[in-house]
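In the order they appear, the protein sequences are chains L and U. Terminal number for the first sequence in my numbering: 328, no gaps in between. Terminal number for the second sequence in my numbering: 296, no gaps in between. Just so it is clear, CB atoms sit at the ideal spot from N, CA and C, and this is done for glycine as well. First comes the structure, then the notes that go with it.
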Amino acid sequence: MTISDTRLRTGAAVLRATGLTKRYPGGVLAVDGVDLTVHRGEVYGFLGPNGAGKTTTMRMLLGLIRPTSGTVDLLGEPPGSPAGLARVGALIESPGFYPYLSGLDNLRILARYGGVPRGRIDAVLDAVDLTDRAGDRFATYSLGMKQRLGVASALLGDPELLVLDEPTNGLDPAGMADMRALVRRLGAEGRAVLLSSHLLGEVQQICDRVGVISGGRLIAESTVAELRGQAALVIAAAPLDVAARRAVQLLGADRVQVVGAELRLTAGEAEAAEINRELVAAGVEVSELRRAERSLEEVFLEMTSPKDSLRKDSNDVR
Amino acid sequence: MMFASASAELLKLRKRPAIWVLAGVWLTLLTFFGYLLPYLGYVTGDSSAPRSGALADTLPANLVGNAVAGYALFGGAIVMILGALVAGSEYGWGTLKTVLTQRPGRTSVYAGSLVALAAVLLALVLVGFGLSAAASATIATAESLPLAWPAATDVLTGIAAGWLILGMWCLFGVLLGTLTRGTAMAIGLGLVWALVVENLVRASSAVLDVLGTVQQGLPGVNAGSLVAALGAQGESPEGGTPGVAPVVDGTQATLVLVGFAVAFAVIAGLLQARRDVI
Chain L
11 MTISDTRLRT GAAVLRATGL TKRYPGGVLA VDGVDLTVHR GEVYGFLGPN GAGKTTTMRM
71 LLGLIRPTSG TVDLLGEPPG SPAGLARVGA LIESPGFYPY LSGLDNLRIL ARYGGVPRGR
131 IDAVLDAVDL TDRAGDRFAT YSLGMKQRLG VASALLGDPE LLVLDEPTNG LDPAGMADMR
191 ALVRRLGAEG RAVLLSSHLL GEVQQICDRV GVISGGRLIA ESTVAELRGQ AALVIAAAPL
251 DVAARRAVQL LGADRVQVVG AELRLTAGEA EAAEINRELV AAGVEVSELR RAERSLEEVF
311 LEMTSPKDSL RKDSNDVR
Chain U
19 MMFASASAEL LKLRKRPAIW VLAGVWLTLL TFFGYLLPYL GYVTGDSSAP RSGALADTLP
79 ANLVGNAVAG YALFGGAIVM ILGALVAGSE YGWGTLKTVL TQRPGRTSVY AGSLVALAAV
139 LLALVLVGFG LSAAASATIA TAESLPLAWP AATDVLTGIA AGWLILGMWC LFGVLLGTLT
199 RGTAMAIGLG LVWALVVENL VRASSAVLDV LGTVQQGLPG VNAGSLVAAL GAQGESPEGG
259 TPGVAPVVDG TQATLVLVGF AVAFAVIAGL LQARRDVI
């Protein structure tokens with residue numbers, strides 16, 4: 011999909027990162043040439059295993075970390091500029107608050123820093139369902155409440171773009187469901203949301219588009235449906251070696267795997283009939299040909315794990 | 019934006035129990051060692067010569083010198099802890115990233131916290147002077163001596179000097195807290211410097227000439243010289259306040275302290291403005 015296609019469906023870009031790279035002293039390349047675009051009104055899922063570079067990328071987008079190279083356009087402003095940050099809300103990693111203060115006082119302090127009217131505090135406490143405990147000290151909060159206070163602080167400035175780094179971390183199932191509902195609601199209100207997660211189910215449920223990061227590189231950026239849509243065809247055929255050879259001639263070696271007594275081909279449904287015809291013409295008996303529905307999790311693991319381990323692990327084709 | 023940040027920082031300081039503990043400890047030390055102890059010594063001691071000297075220190079006429087005597091060492095150490103707590107905690111609690119993503123801009127956040135700290139230090143100095151004046155008036159009344167106060171300009175000079183000394187030490191704490199991105203290491207290092215290193219250099223200066231020159235540039239020595247120039251009783255075998263000695267004159271001490279304060283503030287500010295928040 012091209013950017014202009016996406017624009018038709020959503021709005022203009024609120025966040026655009028180009029060639030974003032962070033190399034730490036000592037040579038560790040945490041983020042490597044990430045291009046990322048988030049459009050107005052979309053919920054963008056930033057997916058990656060732990061240590062893939064999600065948080066470092068998000069910190070660069072917000073001006074907390076200076077990129078080694080690359081540019082960030084945050085609502086038309088450079089990262090970390092007050093004008094841009096005034097329209098952005100963020101929760102990065104674990105929520106950082108003053109433990110000796112109540113949730114309410116923490117928000118009062120942040121409202122002063124942000125120049126936000128006090129009236130917003132009640133609204134955001136209500137939005138995250140924390141009004142009843144707002145007077146208690148932050149140190150006494152459960153992890154879920156801390157996380158919700160983090161989202162409340164991100165909402166203080168009534169932002170156009172929300173950057174939420176694993177907002178469901180540490181929440182119980184009910185809390186996760188609430189958080190997902192909240193994020194969906196924020197997206198429906200027309201805010202853009204950039205949400206990082208390593209939970210694929212979560213991303214599948216609430217995100218319009220997904221960027222997959224692994225080893226510091228953005229290895230895919232697409233809609234959830236498109237990512238899953240790189241479907242696999244599973245073919246039971248005999249003799250298997252002949253079938254495999256023919257399949258490699260047709261599709262190329264990188265799209266053909268022999269998994270147990272079956273062939274697994276990276277191919278869409280449109281190609282199924284032709285592949286079947288070619289195999290039969292090559293003297294292969296095709297006893298079964300079915301489409302393997304891939305969950306986002308499978309796609310993700312396939313993308314983010316080294317190729318050899320993938321081949322060993324992939325005999326679980328449904 | 020800087021004043022919004024300063025008001026946020028003041029709210030944090032006002033609600034933070036550790037700050038009240040530090041202020042309480044400092045004001046207690048000030049009154050106890052500056053007034054109560056010398057007076058008790060006078061009342062209960064024998065009639066040797068230093069007794070009357072100890073009483074004279076606590077009387078209203080010597081308000082300025084006696085009120086600032088403790089600033090060089092104890093007051094400095096306490097506000098150094100304050101500075102390290104304010105700067106270092108933001109890293110430990112992960113609140114710096116929360117604050118910085120709220121909007122204000124790094125320089126405003128930093129400048130705001132310095133303004134707030136300056137206000138707190140000024141309040142500490144004023145309350146300290148107020149307590150000292152009250153203690154001194156009480157002693158003079160108890161001894162049926164006249165209330166002979168120093169000139170207002172002298173009091174103002176004393177307040178300004180006290181503020182400068184506390185500001186310099188507090189900025190030292192801010193710098194250490196920023197450098198170490200935490201409180202424990204910063205406070206440890208700061209105390210070792212203020213209480214151990216400076217004293218060692220001072221003590222060794224008699225045996226090694228070069229240390230005599232070195233000590234003239236140390237922050238603590240210059241703080242001690244400034245309070246000595248204001249009339250604080252220097253360290254002597256008979257007593258006096260630790261850390262107080264007229265090593266350099268008041269003008270040089272003031273200039274050196276201003277220099278240190280500016281240097282600490284600028285270095286910490288540059289670190290805050292440029293460093294990655296991870």
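Can you find the residues in the same chain that come closer than 7 Å, C-beta to C-beta, to residue i, ignoring five residues on each side of it along the sequence?
| i | result |
| --- | --- |
| ASN286/L | VAL296, LEU299 |
| GLY200/U | GLY106, TYR109, GLY110 |
| LEU320/L | The pLDDT assigned to LEU320/L is 37, lower than 50, so where the model puts this residue is not dependable; a value taken from the coordinates is nonetheless given after this. Contacts found: GLU312. |
| VAL290/L | VAL296 |
| ALA36/U | LEU103 |
| LEU7/L | With chain L represented from 11 up to 328, any question about residue 7/L goes unanswered, as that position is not in the structure. |
| ARG265/L | LEU275, THR276, ALA277 |
With distances taken Cα to Cα, identify the nearest neighbour of residue i among the options.
| i | options | result |
| --- | --- | --- |
| GLN267/L | LEU250/L, GLU281/L, GLU279/L, SER104/L | LEU250/L |
| PHE107/L | GLY129/L, ILE75/L, MET155/L | MET155/L |
| SER197/U | ALA212/U, ASP294/U, VAL127/U | The residue asked about is misnamed: residue 197/U is Leu in this sequence, not Ser. That would be ASP294/U, whose Cα lies nearest to the Cα of LEU197/U. |
| ARG227/L | SER305/L, ASP136/L, THR314/L | THR314/L |
| VAL143/U | THR272/U, PRO56/U, ILE96/U | ILE96/U |
| GLY270/L | THR276/L, ARG255/L, ALA246/L | ALA246/L |
| LEU172/L | ALA191/L, GLY63/L, LEU205/L, LEU260/L | LEU205/L |
| ALA22/U | GLU284/L, GLY73/L, VAL309/L, LEU120/L | LEU120/L |
| VAL134/L | PRO92/L, GLU308/L, LEU192/L, GLY61/L | LEU192/L |
| GLU216/U | MET203/U, GLY238/U, VAL228/U | GLY238/U |
| ASP75/U | ALA178/U, ALA155/U, TYR128/U | ALA155/U |
| ILE157/U | GLY287/U, GLY146/U, LEU55/U | LEU55/U |
| ASP267/U | VAL245/U, ILE285/U, THR116/U, THR259/U | VAL245/U |
| GLU308/L | LEU260/L, HIS208/L, ASP264/L, GLY293/L | HIS208/L |
Out of curiosity, what's the CA-to-CA distance linking residue i and residue j?
| i | j | result |
| --- | --- | --- |
| VAL82/L | GLY42/U | 48 Å |
| SER163/L | LEU84/L | 19 Å |
| GLY94/U | LEU73/U | 25 Å |
| TYR151/L | LEU114/U | 20 Å |
| SER224/L | LEU31/U | 42 Å |
| GLY130/U | LEU139/U | 14 Å |
| GLY230/U | GLY94/L | 54 Å |
| THR233/L | ASP132/L | 36 Å |
| PRO59/L | ALA100/L | 21 Å |
| ASP15/L | HIS49/L | Bear in mind that a pLDDT of 41 at ASP15/L, under 50, signals an unreliable position, so the number given afterwards is only what the model happens to contain. Near 12 Å, if we compare the C-alpha coordinates of HIS49/L and ASP15/L. |
| ALA87/U | PHE278/U | 20 Å |
| ALA241/U | GLU103/L | 43 Å |
| LEU248/U | PRO168/U | 12 Å |
| ALA253/L | VAL98/L | 55 Å |
| ALA187/L | ALA134/U | 42 Å |
| LEU193/U | TRP44/U | 21 Å |
| ARG328/L | CYS217/L | The predicted position of ARG328/L is uncertain, since its pLDDT is 34 and thus under 50; a value taken from the coordinates is nonetheless stated next. Their Cα atoms are separated by approximately 25 Å. |
| THR48/U | LEU184/U | The question names Thr, but residue 48/U in the sequence shown is Leu. Roughly 14 Å separates the two Cα atoms. |
| ALA257/L | LEU275/L | 8 Å |
| LEU71/L | TYR53/U | 57 Å |
| PHE282/U | LEU189/U | 6 Å |
| VAL225/U | VAL210/U | 22 Å |
| GLY191/U | ALA204/U | 7 Å |
| GLY125/L | PRO89/L | 19 Å |
| ASP323/L | TYR54/L | Any reading at ASP323/L needs caution, since the residue's pLDDT is 40, under 50, leaving its predicted position unreliable; the model's value is listed next. Straight-line Cα distance between these residues: approximately 29 Å. |
| LEU174/L | SER91/L | 19 Å |
Tell me which residues share the same chain as residue i and place their Cβ nearer than 8 Å to its Cβ, disregarding the 5 neighbours each side in the sequence.
| i | result |
| --- | --- |
| TYR34/L | ALA40 |
| ARG124/U | LEU118, GLN290, ALA291 |
| ASP318/L | Any reading at ASP318/L is ruled out, since the residue's pLDDT is 42, under 50, leaving its predicted position unreliable. |
| LYS33/U | none |
| ASP326/L | At ASP326/L the pLDDT is 38, less than 50, meaning the model places this residue with poor confidence; the figure from the coordinates comes in the next sentence. Correct list: empty, nothing qualifies. |
By Cβ distance below 6 Å, which residues in the same chain neighbour residue i in space, the five residues on each side in sequence not counted?
| i | result |
| --- | --- |
| ASP45/L | THR28 |
| ARG158/L | VAL138, LEU140 |
| PRO122/U | MET19, SER23 |
| LEU163/U | none |
Enumerated in chain order, which unbroken segments of the beta strand (DSSP E) with a length of 3 residues or greater are wholly contained in the stretch 154-210 of chain L? 171-175, 202-207
Taking any Cβ of chain L, which residues in the stretch 116-134 of chain U have a Cβ under 9 Å from it, in chain order? THR116, VAL117, LEU118, THR119, GLN120, ARG121, PRO122, GLY123, ARG124, SER126, VAL127, GLY130
In chain order, what are the residue ranges of uninterrupted alpha helix (DSSP H) at least 4 long that sit wholly in the stretch 124-166 of chain U? 124-160
Name, going along the chain, the residues of the stretch 116-131 of chain L whose beta-carbon falls closer than 7 Å to a beta-carbon of chain U. ARG118, ILE119, LEU120, ARG122, TYR123, GLY124, GLY125
Tell me which residues of the stretch 101-112 of chain L have at least one Cβ-Cβ distance to chain U shorter than 8 Å, keeping chain order. ILE102, GLU103, SER104, PRO105, GLY106, PHE107, TYR108, PRO109, TYR110, LEU111
Can you give me, in chain order, the residues of the stretch 159-192 of chain L that have a beta carbon less than 9 Å from any beta carbon in chain U? GLY160, SER163, ALA164, LEU166, GLY167, VAL173
Mind listing which residues of the stretch 99-118 of chain U have their C-beta closer than 9 Å to chain L's C-betas, in chain order? SER107, GLU108, TRP111, GLY112, THR113, LEU114, LYS115, THR116, VAL117, LEU118
Check distances from the C-beta atoms of the stretch 85-97 of chain L to those of chain U and list, in chain order, the residues that come in under 8 Å. GLY90, SER91, PRO92, LEU95, ALA96
As an exercise, report each continuous alpha helix (DSSP H) stretch of at least 4 residues that is fully enclosed by the stretch 109-161 of chain L, in chain order. 113-124, 129-137
Complete runs of the beta strand (DSSP E) confined to the stretch 24-65 of chain U [at least 3 residues]: none
Along the stretch 33-64 of chain U, where does the CB come closer than 7 Å to a CB of chain L? Name the residues. LYS33, ARG34, PRO35
Which runs of the beta strand (DSSP E) at least 3 residues long sit entirely within the stretch 27-59 of chain L? Give them in chain order. 39-49, 53-57
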